[in-house]
Amino acid sequence: MEFHSLEIRQTALSLLRDGRRNAEVARHLNVPLGTIGYWKHMDRAKRGECPGAHNPACPRCDGSALDEHAYSYLLGLYLGDGHISHYSGHRVPNLMITCGDDWPGLMDATEMAMRLVFPFNRICRVRKIGCHNVKVYSKHVECLFPQHGPGRKHDRRIVLEDWQQEIVDAHPWEFIRGLIHSDGCRITNWTVRNGKRYEYPRYFFTNKSDDIRKLCTDTLTKVGVEWTITARGSDPYNVSIARKASVALMDEHVGPKH
62 MEFHSLEIRQ
72 TALSLLRDGR
82 RNAEVARHLN
92 VPLGTIGYWK
102 HMDRAKRGEC
112 PGAHNPACPR
122 CDGSALDEHA
132 YSYLLGLYLG
142 DGHISHYSGH
152 RVPNLMITCG
162 DDWPGLMDAT
172 EMAMRLVFPF
182 NRICRVRKIG
192 CHNVKVYSKH
202 VECLFPQHGP
212 GRKHDRRIVL
222 EDWQQEIVDA
232 HPWEFIRGLI
242 HSDGCRITNW
252 TVRNGKRYEY
262 PRYFFTNKSD
272 DIRKLCTDTL
282 TKVGVEWTIT
292 ARGSDPYNVS
302 IARKASVALM
312 DEHVGPKH
């Protein structure tokens, strides 16, 4: 271990207090950059200048404001195809929404919703093959998304808390849009009648969770959208919206991914 004289350390601190950069001081005094950083940290701590722990406000813990419009959309994204995890090497959990690279508009909308719901936290995009994971780290993730639990969402009960249901009731289209954008689609179906091909648009929401599908259909019913359940094999799987008037409502308020 290399030791440095008290004179060198005092010189370094004097330069740092004058605003010189760590790397510049390290080069000037021929002292390792990590040592300079440690000296600076200890000096700031001694003088009470170190910033406190990051402690962002939380609507559930301290009653701070919540952008309910953005939250309803983000809740739909999470229930549709979102994920919460807490890695052993990280201090706090993260909320992750996977967005395909074919839909950059969806990726931007997801990031914006996260920024509005978690205004004191950084949002990041992690590149994967064919997609990006849009993520936010916060100790309050599970406060805002209490549906988190062990295992997959379709293997456990998913029930909204009263305060969440009130937000969904106030902003139903944002919730529906989040569900469709994460785990749904708008497609063009076709059929042949009297030898002539006819095409018509149709929306699907596909999810293995009976509870999440019911949240979707209950909200669709409240806004006047007619729907049916179609099965994959013997299991109910898809929420289908095909009637012309209902598709028009969906096009007005939701629209395809982009």
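In my numbering, the protein residues as written are 62 to 319.
The beta carbon of each residue, even a glycine, is placed where N, CA and C say it ideally should be.
Since this is a predicted model, take the numbers as computed values, not measurements.
- Its chain contains Leu140, Lys214, Ile219 as the residues whose beta carbon lies nearer than 7 Å to that of Ile273, once the 5 sequence neighbours on both sides are disregarded; these appear in chain order.
- Lys101 carries a helical assignment under DSSP once its states are collapsed to helix, strand and coil.
- In the assembly as shown, Arg293 is an exposed residue. Its beta-carbon has fewer than 16 other beta-carbons within 10 Å.
- Judged by DSSP secondary structure, Trp288 falls outside any alpha helix (DSSP H); it is assigned neither H nor E.
- Residue environment: Tyr264 is assigned as buried (16 or more neighbouring CB atoms within 10 Å of its CB, all protein chains considered).
- Here His232 is near His130, since their CB atoms are less than 8 Å apart.
- Thr171 and Cys160 do touch by the CB rule: their CB atoms are close to 6 Å apart, below 8 Å.
- The straight-line gap separating the alpha-carbon atoms of Met168 and Asn83 is approximately 37 Å.
- Taking all protein chains in view, the Cβ of Gln71 is surrounded by fewer than 16 other Cβ atoms within 10 Å, so the residue is classified as exposed.
- Assignment of Ile145 by DSSP, reduced to helix, strand and coil, places it in the strand class.
- The three-state secondary structure of Trp251, taken from DSSP, is strand.
- Every beta strand (DSSP E) stretch that sits fully inside the segment 180-257 and reaches 3 residues is listed by chain position as 184-189, 192-198, 245-254.
- According to DSSP, Leu138 shares a beta bridge with no other residue.
- For Leu127, there is no enclosing alpha helix (DSSP H), since its DSSP letter is neither H nor E.
- Nearest in C-alpha terms to Ser66, of all of Tyr134, Gly80, Leu90, Ser199, is Leu90.
- Between His201 and Pro117, the C-beta gap is smaller than 8 Å, which places the two residues in contact.
- Listed as beta-bridge partners of Glu260 by DSSP are Trp251.
- Cβ-Cβ separation between Leu77 and Gly239: approximately 48 Å, too far for a contact (criterion under 8 Å).
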